[in-house]
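Visitor:
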Amino acid sequence: MKILLLGSGGREHAIAAKLAQSKRCNKLYIAPGNAGTAAVGENVSLNPEDFESVGRFVVDNNVEMLVVGPEAPLVAGIADYFAETPALNRVMVIGPRKQGAMLEGSKDYAKAFMHRHKIPTARYQTFTAETLAEGQAFLETLPAPYVLKADGLAAGKGVLIESDLATAKAHLADMLHGQFGQASASVVIEEYLSGIELSVFVLTDGSHYLILPSAKDYKRIGEGDTGLNTGGMGSVSPVPFADKEFMKKVEDRIVKPTVRGLRDEKIDYHGFVFIGLMNCGGDPYVIEYNVRMGDPETESVFPRLKNDVVELFENTANNTLDACSLSVDPRTAACVMMVAGGYPEKYEKGKLITLGEELDDVQLFHCGTKRNENGKLVTNGGRVICATAMASNLPEALLKSYNRVATVEWDGKYNRRDIGQDLLKLMI
Ligand code: AMP
Ligand code: GLY
1208 MKILLLGSGG REHAIAAKLA QSKRCNKLYI APGNAGTAAV GENVSLNPED FESVGRFVVD
1268 NNVEMLVVGP EAPLVAGIAD YFAETPALNR VMVIGPRKQG AMLEGSKDYA KAFMHRHKIP
1328 TARYQTFTAE TLAEGQAFLE TLPAPYVLKA DGLAAGKGVL IESDLATAKA HLADMLHGQF
1388 GQASASVVIE EYLSGIELSV FVLTDGSHYL ILPSAKDYKR IGEGDTGLNT GGMGSVSPVP
1448 FADKEFMKKV EDRIVKPTVR GLRDEKIDYH GFVFIGLMNC GGDPYVIEYN VRMGDPETES
1508 VFPRLKNDVV ELFENTANNT LDACSLSVDP RTAACVMMVA GGYPEKYEKG KLITLGEELD
1568 DVQLFHCGTK RNENGKLVTN GGRVICATAM ASNLPEALLK SYNRVATVEW DGKYNRRDIG
1628 QDLLKLMI
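Numbering of the sequence shown is given in our numbering, commencing with residue 1208 and proceeding in unit increments.
Quick look at the structure:
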């Protein structure tokens, strides 16, 4: 089968590596991809949000499966475009249609969905510029800190957590007056949940589901979870505290009602649900839904999957996911992200990269890389490359990953040195 994967990050490199391993995949295209994906498939220069061009490529090249990595094309309706275009409607699409993608595209929609299906989440209300005064009054009824969320997609920047009431009120006014453009025309205010976060991934065909290994990501640029938010500075899978008992609560209280809710509301959903969870004293609460895999969680979750991923995706597209069961490598995967100096603020691109020596059980996944005009590997983004190591326990996986990270070089390279340390402390 010929497969087209959309996206260009480390998530896509990790997915591409698995797709390329499948006997069922005889040609893999990645659009637009990066220098890493070019080593496991063929990169094509297409914009994932230009549906017509993507569709034309799919028809011209007899592509039978489209796997959508990032959320933007899903929220913009690429799965609907394929379903509604006669020449494309037999293509298997991994990724929900627009209505399902609203679970990520609108925080208010997601919260209302959770409320309808009695899925545990923080108490909330939604406000617009017309109801600013009510929003400020609502803030007064909540204990600090205050959580304000732009309703729409805001490139991961739309959530503000503020401990001072007056500042929170001012932020609410700024957001409703266009701080994040249209994305913050509505703002969700919710109760603060205190606990430890983790990510749970579900693959669903809309009625059946598989729960993928759990993972934890590290969002802040600085060690000890300080400084600005980033796309993610590393990840670990599995999460030690997500034991059988906790995961049973996640499945019963969150996964089952989510999938049942999609089915009952006749939401056509074939793809991933990424559930951002808070573990509050042993009970899981949903912080957010995303409609795709996480990045950099995929870089520690996918290497642990022993299944033929193409087979999983075919069964997802054909509503037969109940015929599949997951086979997961019991080892721990630790992923450490290397970023450009200055990231997540201003940074330079085009720095020459040397990859160093390969190590057993460690894979490098490219995020922002490309080949320059001389064919040399150079940086091409903020997050550049990550190293994922597998080992029988977390300390060893971290050690191996950091040994590999030490051999990768470019001018200005930065990585956190404390990925996984919080989990190690919890384990003693
Ligand atoms: P989101 O963009 O929804 O993932 O939110 C960004 C980050 O804000 C999350 O990863 C959490 O760390 C934090 N956050 C969001 N909602 C809450 C909440 N209700 N209580 C505590 N922290 C939250
Ligand atoms: N790692 C978080 C995300 O992909 O949104």
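In this text, a Cβ means the ideal position worked out from N, Cα and C, and glycines have one as well.
Kindly confirm or deny that the segment 1552-1563 and the segment 1524-1543 touch, where touching means at least three C-beta pairs closer than 8 Å.
Guide: Segments in contact, no.
Visitor: For my contact list, residue 1498 and residue 1480 are in at a C-beta cut-off of 8 Å; report their separation, rounded to the angstrom.
Guide: Confirmed, about 7 Å.
Visitor: Between residue 1618 and residue 1430, which are expected to be in contact by the criterion C-beta below 8 Å, what is the C-beta distance as a whole number of angstroms?
Guide: Not quite, the Cβ-Cβ distance comes to about 21 Å (not below 8 Å), so this is no contact.
Visitor: Return the residue from the list 1221, 1417 and 1247 that minimises the CA-CA distance to residue 1454.
Guide: Closest by alpha carbon: 1417.
Visitor: Rounding to the nearest angstrom, what Cα-Cα distance links residue 1585 and residue 1241 in this structure?
Guide: In a straight line, the C-alpha of residue 1585 is about 11 Å away from that of residue 1241.
Visitor: Just to check, is the beta-carbon of residue 1502 closer than 7 Å to a non-hydrogen atom of the ligand NAD?
Guide: Absence of the ligand NAD from the depicted structure is noted, with the ligand AMP and the ligand GLY being the only ligands included.
Visitor: Is residue 1355 closer than 8 Å to residue 1375 when the C-beta atoms are compared?
Guide: Yes, the Cβ-Cβ distance between residue 1375 and residue 1355 is below 8 Å.
Visitor: What first and last residue would you give for the alpha helix (DSSP H) that runs through residue 1290?
Guide: Residue 1290 -> alpha helix (DSSP H) spans 1285-1291.
Visitor: Between the alpha carbons of residue 1392 and residue 1274, how many angstroms are there, rounded?
Guide: Cα to Cα, the separation comes out at about 31 Å.
Visitor: Taking the continuous beta strand (DSSP E) assigned at residue 1239, which residues delimit it?
Guide: Note, residue 1239: beta strand (DSSP E), 1234-1239.
Visitor: Label residue 1573 either buried or exposed according to how many other C-beta atoms from any shown protein chain fall within 10 Å of its C-beta, with 16 as the threshold for buried.
Guide: Buried is the call here.
Visitor: At which residues does the beta strand (DSSP E) containing residue 1570 begin and terminate?
Guide: Element bounds for residue 1570: 1569-1573.
Visitor: When the Cα atoms are used, what is the spatial distance from residue 1309 to residue 1317?
Guide: If I take the Cα positions, the gap works out to 7 Å.
Visitor: Can you give me the Cβ contacts of residue 1520 inside the same chain, cut-off strictly under 6 Å, excluding the 5 residues immediately before and after it?
Guide: The residues are 1301.
Visitor: Looking only at its chain, what residues have a beta carbon closer than 8 Å to the beta carbon of residue 1264, apart from the 5 residues adjacent to it on each side?
Guide: Result list for residue 1264: 1211, 1236, 1238, 1251, 1253 and 1270, in chain order.
Visitor: Just the C-alpha distance for residue 1388 and residue 1279, rounded to the nearest angstrom, thanks.
Guide: Looking at the two C-alpha atoms, the distance is approximately 16 Å.
Visitor: How long is the line joining the alpha carbons of residue 1232 and residue 1488, rounded to whole angstroms?
Guide: Spanning the two alpha carbons is a distance of roughly 44 Å.
Visitor: When the Cα atoms are used, what is the spatial distance from residue 1592 to residue 1512?
Guide: Near 21 Å, if we compare the C-alpha coordinates of residue 1512 and residue 1592.
Visitor: How do the segment 1342-1353 and the segment 1320-1329 stand: do at least 3 beta-carbon pairs fall below 8 Å, yes or no?
Guide: These segments do not touch.
Visitor: With DSSP as the reference, please indicate the residues paired to residue 1321 in a beta bridge.
Guide: In DSSP, residue 1321 forms no bridge with anything.
Visitor: What residue ranges within the segment 1537-1616 form continuous alpha helix (DSSP H) runs of no fewer than 4 residues, ordered along the chain?
Guide: Listed in chain order, the complete alpha helix (DSSP H) runs (minimum 4 residues) inside the segment 1537-1616 are 1601-1612.
Visitor: Check for me: the alpha helix (DSSP H) holding residue 1478 runs from which residue to which?
Guide: It is not in any alpha helix (DSSP H) - residue 1478 instead sits in the beta strand (DSSP E) that spans 1478-1487.
Visitor: Kindly indicate the opening and closing residues of the alpha helix (DSSP H) around residue 1461.
Guide: No alpha helix (DSSP H) contains residue 1461, which DSSP labels as neither H nor E.
Visitor: Distance, Cα to Cα, residue 1629 vs residue 1425?
Guide: Going from the Cα of residue 1629 to the Cα of residue 1425 covers about 10 Å.
Visitor: Expressed to the nearest angstrom, what Euclidean distance is found between the alpha-carbon atoms of residue 1213 and residue 1500?
Guide: Their Cα atoms are separated by approximately 13 Å.
Visitor: Thinking C-alpha only, which one of 1567, 1546, 1307 and 1336 is nearest residue 1560?
Guide: If we check each option's Cα against that of residue 1560, 1546 comes out closest.
Visitor: List the residues that DSSP assigns as beta-bridge partners of residue 1304.
Guide: Answer is none; residue 1304 lacks a bridge partner.
Visitor: Cβ atoms of residue 1444 and residue 1421: under 8 Å apart, would you say?
Guide: Taking 8 Å as the Cβ cut-off, residue 1421 and residue 1444 qualify as a contacting pair.
Visitor: What three-state label does DSSP hand residue 1297 in the structure shown?
Guide: If DSSP states are grouped into helix, strand and coil, residue 1297 belongs with coil.
Visitor: Would you check if the distance between the CB atom of residue 1247 and the CB atom of residue 1224 is smaller than 8 Å?
Guide: Their beta carbons are under 8 Å apart, which means residue 1247 touches residue 1224 by this criterion.
Visitor: Can you determine whether any heavy atom of the ligand AMP sits closer than 7 Å to the C-beta of residue 1379, and answer yes or no?
Guide: No, the ligand AMP has no heavy atom inside 7 Å of this Cβ.
Visitor: Rounded to the nearest angstrom, what separates residue 1397 and residue 1490 at their Cα positions?
Guide: Each residue's alpha carbon lies about 18 Å from the other.
Visitor: Can you tell me which of the three DSSP states residue 1346 falls into?
Guide: Three-state result, residue 1346: helix.
Visitor: Going by C-alpha distance, which of 1295, 1286, 1245 and 1312 is nearest residue 1268?
Guide: Of the listed residues, the one whose Cα sits closest to residue 1268 is 1295.
Visitor: Just to confirm, does residue 1356 get its C-beta within under 7 Å of one of the non-hydrogen atoms of the ligand AMP?
Guide: At least one heavy atom of the ligand AMP is nearer than 7 Å to the Cβ of residue 1356, so yes.
Visitor: Cβ of residue 1368 versus every heavy atom of the ligand AMP: is any distance shorter than 7 Å?
Guide: Residue 1368: yes, Cβ under 7 Å from the ligand AMP.
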